[in-house]
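Visitor: Number 121 in the working numbering belongs to position 99 of the sequence shown; there are no gaps in the numbering.
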Amino acid sequence: MSIRDRADRTAAPGSSLDAARRTRELATAAGGGTADLLVVGLGATGAGVALDAAARGLDVVAIDAHDLAFGTSRWSSKLIHGGLRYLATGQFDVAHESAVERGVLMTRTAPHLVAAQPFVLPLTPLVSRAQASLAWAGFRAGDMLRMAARTPRQVLPVPRRLSAAEARHLAPSVRASGLRGGLLSWDGKVTDDARLVTALARTAAAHGARILTRVRALSLGPTGARFRDELTGEEGEIRARAVVNATGVWAGGLVDGFRVRPSRGTHLVLRSERLGALPAGLHIPVPGETNRFVLVLPQGDGRTYVGLTDEPVEGAVPDVPEVPETDIGFLLDVLGSVLDTPVRRDEVDGAFAGLRPLLDTSVPGAPDSVRTSDISRRHAVLTSADGVVTVVGGKLTTYRRMAQDAVDACGLTSASSPTAGLPLVGAAAPERLRDLPAPARLVRRYGTEAPAVLALSERDPALAEPVLPGHPVTRAELLWAARHEGALDPSDLLDRRTRIGLVPEDRAEALAVAAEILSRATPSGV
């Protein structure tokens, strides 16, 4: 059996997305038939809607003007939150829903992608004893949420207090002077939010959904959409019995009747050596705030993220949000409040910002002075006067429940959603994942498909080479993305299937390799 055959046979049956499949399925979708459901938007929510509907036996077409996870779903904090901050604001239903969905991801649907992440809150002189007591009470309440969601302690350990020595061991870059200990807590962390979306889309495809990127909806109606193929410029119509608008911060541009108030969350990208070895992430209290923290999150790929802000965004919504210097300065100031040596501006290697699609629920005529950080993260499923269903609000952690509610609202089937127990592509029990014959880094990104990715380099050792020096992503991973994960151009490979593109200099250096790999992504290439 050839290396190519071994790789293909290990990929989940029917889940492979590539340019040829896109061409075939777009022609079928626009060929005059009527699908059960058209989904517009292929972020986490839209891909989740496509999976939920396809898993219930519906005929699904899902389109996006760009790529999988092109919008907000690739700019998240990479955390699968248990809902602690929602307890503090009295949103108990949202907090419980978040904890339940976190447990679903960690134990059933995506244990290869979502794992427990420890965090240390350093008790520096800037954290009063009253603040520390409040934070500790919050972490204990978060553990009660874990128990209520029936997530085992073996999956998500309990919080505990740390001595100053223990805190320094887990956070060696924190200033020792005046440190009186720390608080250790745990939450869920996704290896890569864009990879989660890719797994959702591929799992939907394995259930028969047609996943079509670079297909822009020009207009929506209750029976389908007018579209343009962004690769060829050709226009056409896709007909469906129902339509779900899952375009996030862009949803109001396709359907009238509601208002989205985007909130910008900014993260910095640092080289990991700048903060040293970090066995745990950091919770750093924002001065003057009682329930707001800056997070330091090591990524395991030589980079560390520092975020995040929560600032309102006015005006037109851009395809790719820009990061203002004010956000960078704010994050560096808060980070510097706990470090031995503050991070300088020229040590920031990259930055990214995402826009949260918060539903504006203010009363007409009321002042617009409510901070976006105070707007509920509760999602909403709205049906327009002409019958288009829009799902908006929510967050990455609760995508599955949002998708379930959106499909229910379409009224196409009486079948209940099976997705709470439906493993995504690559998922398996922890013991099976541990026994896979592949490096742990690949297993965390590809799960049971990791040996297939590794097999691509067995015949051609050049594919085992890193895409660029000092970064762990190999050329084999780019080839896999083009053959099985729907990547169509270098930006898909560098900005979403991998995160090389978060550092502009790295992106520029890797572009030629990405273009070369795409040219090899035909069946005759390996």
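Cβ coordinates follow ideal geometry from the N, Cα and C atoms, glycine included.
Predicted, not measured: the structure shown is a model, and the values here were computed from it.
Any contact between the stretch 424-440 and the stretch 110-119? By contact I mean 3 or more CB pairs, one from each, below 8 Å.
Guide: Output reads no: the stretch 110-119 does not touch the stretch 424-440.
Visitor: Since I260 sits in a beta bridge, which residues does DSSP pair it with?
Guide: For I260, which the question treats as bridged, DSSP gives the partners A247.
Visitor: Secondary structure at F315, three-state DSSP: helix, strand or coil?
Guide: In this structure, F315 counts as strand in the three-state DSSP scheme.
Visitor: For L485, I'd like the list of residues in its chain whose CB is within less than 6 Å of its CB, leaving aside the five on either flank, ordered along the chain.
Guide: Same-chain partners within the cutoff: L478, S479, R497 and A498.
Visitor: Check the DSSP bridge columns for D209 and list the partner residues they point to.
Guide: For D209, which the question treats as bridged, DSSP gives the partners Q139.
Visitor: Just mark D368 as buried or exposed, buried being the case when its beta carbon has 16 or more other beta carbons within 10 Å.
Guide: D368 is exposed by the Cβ-count criterion.
Visitor: Only counting the same chain, and skipping five residues up and downstream in sequence, which positions put a Cβ closer than 6 Å to that of T412?
Guide: Around T412: N267, A273, V277 and L404.
Visitor: From the DSSP output, read off the bridge partner residues of Y468.
Guide: Looking at the DSSP assignment, Y468 forms no beta bridge with any residue, so it has no partner.
Visitor: What three-state label does DSSP hand A33 in the structure shown?
Guide: In the structure shown, A33 sits in coil (DSSP, three-state: anything other than H, G, I, E or B).
Visitor: Confirm, please, whether the CB-CB distance from T331 to R286 is below 8 Å.
Guide: A contact, by the Cβ cut-off of 8 Å.
Visitor: In terms of alpha-carbon separation, which member of A117, G469 and A33 lies closest to G416?
Guide: Taking only the C-alpha atoms, the option nearest G416 is A117.
Visitor: Leaving out the 5 sequence neighbours to the left and right, which residues in its chain are closer than 7 Å to Q321 when beta-carbon positions are compared?
Guide: The answer, listed in chain order, is Y327.
Visitor: Within a Cβ cutoff of 6 Å, which residues of the same chain sit near D430, ignoring the five residues on either side of it in sequence?
Guide: Nothing listed; no residue qualifies.
Visitor: Would you check if the distance between the CB atom of V62 and the CB atom of A247 is smaller than 8 Å?
Guide: A contact, by the Cβ cut-off of 8 Å.
Visitor: Given a cut-off of 8 Å on the beta-carbon distance, is the pair L156 and A121 in contact?
Guide: Cβ distance not < 8 Å, so L156 and A121 don't count as in contact.
Visitor: Can you name, in chain order, every residue of its own chain whose Cβ lies under 8 Å from the Cβ of F352, other than the five neighbours on each side?
Guide: Within the same chain, F352 has close Cβ partners T331.
Visitor: Helix or strand or just coil, what does DSSP make of G376?
Guide: Strand, per DSSP.
Visitor: Runs of 3 residues minimum, wholly inside the stretch 485-532: which ones carry the beta strand (DSSP E) assignment?
Guide: You should have found no qualifying run.
Visitor: Once the 5 residues before and after A373 are set aside, which same chain residues still bring their CB inside 7 Å of it?
Guide: So the qualifying residues of the chain are T288, H289, L290, V291, V345 and I350.
Visitor: By how many angstroms is the C-alpha of A66 removed from the C-alpha of R217?
Guide: Computed Cα separation, rounded: 10 Å.
Visitor: S241 by DSSP, collapsed to three states: which one?
Guide: Strand at S241.
Visitor: Give the single residue among L206, E119, Q153 and V177 whose Cα lies nearest to the Cα of G303.
Guide: It is L206.
Visitor: What are the boundary residues of the beta strand (DSSP E) that R182 is part of?
Guide: Per DSSP, R182 belongs to the beta strand (DSSP E) from R182 to L184.
Visitor: Nearest to E471 by CA position, among S513, A450, T245 and E487, is which residue?
Guide: Among S513, A450, T245 and E487, the Cα nearest to that of E471 is on A450.
Visitor: Using DSSP's beta-bridge definition, name the partner residues of E333.
Guide: DSSP, once it has assigned bridges, lists R286 as partnering E333.
Visitor: Along the chain, where does the alpha helix (DSSP H) containing H305 start, and where does it finish?
Guide: Note, H305: premise wrong, no alpha helix (DSSP H); beta strand (DSSP E) at G303 to P307.
Visitor: Measuring straight from C-alpha to C-alpha, what distance separates G51 and A57?
Guide: Checking the sequence, you will find Ala at residue 51 rather than Gly. For A51 and A57, the distance between alpha carbons rounds to 8 Å.
Visitor: Excluding sequence positions up to five away, which residues of its chain have a Cβ less than 7 Å from the Cβ of L60?
Guide: Correct list, in chain order: V83, G246, A247, I260, A262 and V265.
Visitor: Would you call the stretch 331-341 in contact with the stretch 304-311, where contact means no fewer than 3 C-beta pairs closer than 8 Å?
Guide: The answer is no - the stretch 304-311 does not touch the stretch 331-341, with fewer than three Cβ pairs under 8 Å.
Visitor: Taking the straight line between their C-alpha atoms, what separation do you get for H506 and R44?
Guide: H506 and R44: Cα-Cα distance of roughly 12 Å.
Visitor: The beta strand (DSSP E) that contains R124, what's its start and end?
Guide: No beta strand (DSSP E) contains R124, which is instead part of the alpha helix (DSSP H) from F114 to V126.
Visitor: Is there contact here, the stretch 194-213 with the stretch 231-246, by at least three beta-carbon pairs under 8 Å?
Guide: Too few Cβ pairs lie closer than 8 Å, so no.
Visitor: Does the distance from the CB of A189 to the CB of P144 come in under 8 Å?
Guide: Yes; because the gap between Cβ atoms is below 8 Å, this pair is in contact.
Visitor: Apply the 10 Å Cβ neighbour rule to R359 and answer buried if 16 or more other Cβ atoms are within range, or exposed otherwise.
Guide: In the sequence as presented, Arg is not what sits at residue 359; that position holds Ser. Result: buried.
Visitor: Please tell me whether D215 and V237 are closer than 8 Å, where the distance is taken between their beta carbons.
Guide: In this structure, V237 does not lie closer than 8 Å to D215 by Cβ.
Visitor: Given that a residue counts as buried once 16 or more other Cβ atoms are within 10 Å of its Cβ, and exposed if not, what is P147?
Guide: Burial call: exposed.
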